[in-house]
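These notes concern the structure reproduced below.
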Amino acid sequence: MSAGGGKKAILAALTANLGIAIAKFVGAAITGSASMLAEGVHSVADTGNQGLLLLGQKRAEQEADALHPFGYGRNRYFYSFVVALVLFSLGSMFSIYEGIHKVQHPEELTSPLVAVTILVIAIGLETYSFITAMRESAPLRAGASWWRFIRNSRSPELPVVLLEDTGALVGLAFALVAVLLTMVTGEPIWDGIGTLGIGVLLGVIAIVLIVEMKSLLIGEGATPDQDREIRANLVDGTRIDRVIHLRTEYLGPDEMLVAAKVSIVPGLEITDIAQAIDDAESRVRAAVPLARVMYIEPDLYRTQPA
């Protein structure tokens, strides 16, 4: 996913969440619903998170300099990690706190139909954001599982947006059920229970994102498919006959570092070795365009003594 492609999904989510947040806070003020208030805070957090993702993309575009010779691409990972922390602290912790308070001290809802109407509209807007993010994800369109997509993606924005939208849709369903149960039973405690459910849900999503973004921030290597492509294209069989060892690392979602030691066929002239290295770099970049930074060390393969 390029920065341009991810930006469409981020902007769709930002627009939807901003409108939803305003509607939820109005609804919470009218009805006194804790689950509606929790959802409002959730939407504010999500709106701020989309802004952080856009900021991360902007900062990642800075040119490399002496202090950061490999560029600033990992800004996208850093700001996505901050998003996960915000989702956990502002979204999950606030909802759990508010839910406990409302369970211990239930309050009657006023104008619950207003809350139901706002929640239904919010579900529609979140669905629009969710569908937009799904359309931006080629692996999901191709049938990849959610978990595999989240684990293998080296671009942080789409997993963040998709998990946020999923959490928002499920959270809205929790809030809607809580309000409906309160209306049917006359027991306002259901509103607090729904708020607790929203808090736990956001906490689980935030922890998944924190783990994944931490892994990307520390540095992840090529995917298994990319690793196979790189190894296959380093070897030409006539001048380079094997890969002795290979190390890869993503410098950002759109740039990969490749460092390899390759075995050169004995007897080659220095000019032939240099040309073999240049040709290997060209083959790898053609097969894996993200492999923009490459360091290939020629060597002789030496078998270990028995």
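Under full-length UniProt numbering, think of the first position of the sequence shown as 1, with each following residue one higher.
Positions of the beta carbon are idealized from the N, C-alpha and C atoms, including for glycine.
Here the structure is a predicted model, which means the values were calculated and not measured.
Residue environment, residue i, which counts as buried when at least 16 other CB atoms sit within 10 Å
i, result
"Leu257", "buried"
"Glu39", "buried"
"Met294", "buried"
"Phe88", "buried"
"Pro224", "exposed"
"Gln226", "buried"
"Pro156", "buried"
"Asp65", "exposed"
"Pro69", "exposed"
"Lys24", "buried"
"Ala122", "buried"
"Ile264", "buried"
"Leu300", "exposed"
"Arg302", "exposed"
"Gly124", "exposed"
"Thr117", "exposed"
"Leu67", "exposed"
"Ile131", "exposed"
"Ala209", "It should be noted that the sequence gives Leu, not Ala, for residue 209. Burial call: buried."
Residue i to residue j span [Cα, whole Å]
i, j, result
"Trp190", "Gly199", "14 Å"
"Met1", "Val184", "Interpretation of Met1 is limited by its pLDDT of 43, a score under 50 that renders its predicted location unreliable; no figure is taken from the coordinates."
"Ala280", "Ala13", "42 Å"
"Ala115", "Glu108", "13 Å"
"Pro266", "Ser129", "58 Å"
"His42", "Leu52", "15 Å"
"Ser95", "Gly197", "8 Å"
"Leu251", "Gly219", "7 Å"
"Val288", "Glu187", "59 Å"
"Ser33", "Leu181", "12 Å"
"Arg285", "Asp278", "11 Å"
"Ala206", "Leu85", "7 Å"
"Val204", "Leu268", "57 Å"
"Pro298", "Asp272", "11 Å"
"Ser145", "Ala28", "36 Å"
"Gly192", "Gly48", "25 Å"
"Lys8", "Pro159", "14 Å"
"Arg148", "Thr166", "16 Å"
"Gln104", "Val26", "24 Å"
"Met93", "Gly237", "58 Å"
Proximal residues to residue i (C-beta, below 7 Å), its chain only, five neighbours per side dropped
i, result
"Tyr72", "Arg59, Ala60, Gln62"
"Gly194", "Ser35, Phe174, Ala175, Val177, Ala178"
"Leu290", "Asp254, Glu255, Met256"
"Ala222", "Ile230, Thr248, Met256"
"Gly56", "Asn75, Arg76, Phe78, Tyr79, Ser80"
"Val170", "Leu201"
"Val44", "Ala21"
"Leu37", "Ala28, Glu98"
"Ile150", "Pro159, Glu212"
"Leu113", "none"
8 Å Cβ shell around residue i - same chain, five flanking residues per side excluded
i, result
"Gln50", "Ile10, Leu11, Ala13, Leu14, Asn17, Val161"
"Leu234", "Ile240, Val243, Leu246, Ala260, Val262, Ala280, Arg283, Val284, Ile296"
"Ala232", "Ala287"
"Leu217", "Arg74, Tyr77, Phe78, Phe81"
"Pro106", "Glu187, Pro188, Ile189, Asp191, Gly192"
Expected contact under 8 Å - CB spacing of residue i and residue j to nearest Å
i, j, result
"Arg239", "Ala274", "Not confirmed; about 10 Å, so no contact."
"Arg228", "Glu255", "That belief does not hold up - the Cβ atoms of Arg228 and Glu255 are roughly 20 Å apart, past 8 Å."
"Asp46", "Glu136", "Actually they do not touch by this definition, with Cβ atoms about 17 Å apart."
"Thr31", "Ser111", "5 Å"
"Leu172", "Leu119", "6 Å"
Proximal residues to residue i (C-beta, below 6 Å), its chain only, five neighbours per side dropped
i, result
"Ala168", "Glu126"
"Pro305", "Caution applies to Pro305, whose pLDDT of 44 falls short of 50 and renders its modelled position unreliable; the value that the coordinates give is listed next. If we look at Pro305 and ignore the five residues flanking it on each side, it has no Cβ neighbours."
"Gly91", "His42, Ala45, Leu202"
Chain B contact for residue i (CB, 8 Å cutoff)
i, result
"Leu18", "The structure shown contains no chain B; it holds only a single protein chain."
Item to complete: Evaluate the contact criterion for the segment 208–220 versus the segment 72–85: three or more CB pairs, one atom per stretch, below 8 Å.
Response: Look at the beta carbons and you see the segment 208–220 touching the segment 72–85: at least three pairs across the two are nearer than 8 Å.
Worksheet item: For the 8 Å Cβ check, are there 3 or more pairs between the segment 20–31 and the segment 90–108?
Response: Taking a cut-off of 8 Å for Cβ pairs, the segment 20–31 and the segment 90–108 do not touch, as fewer than three such pairs fall below it.
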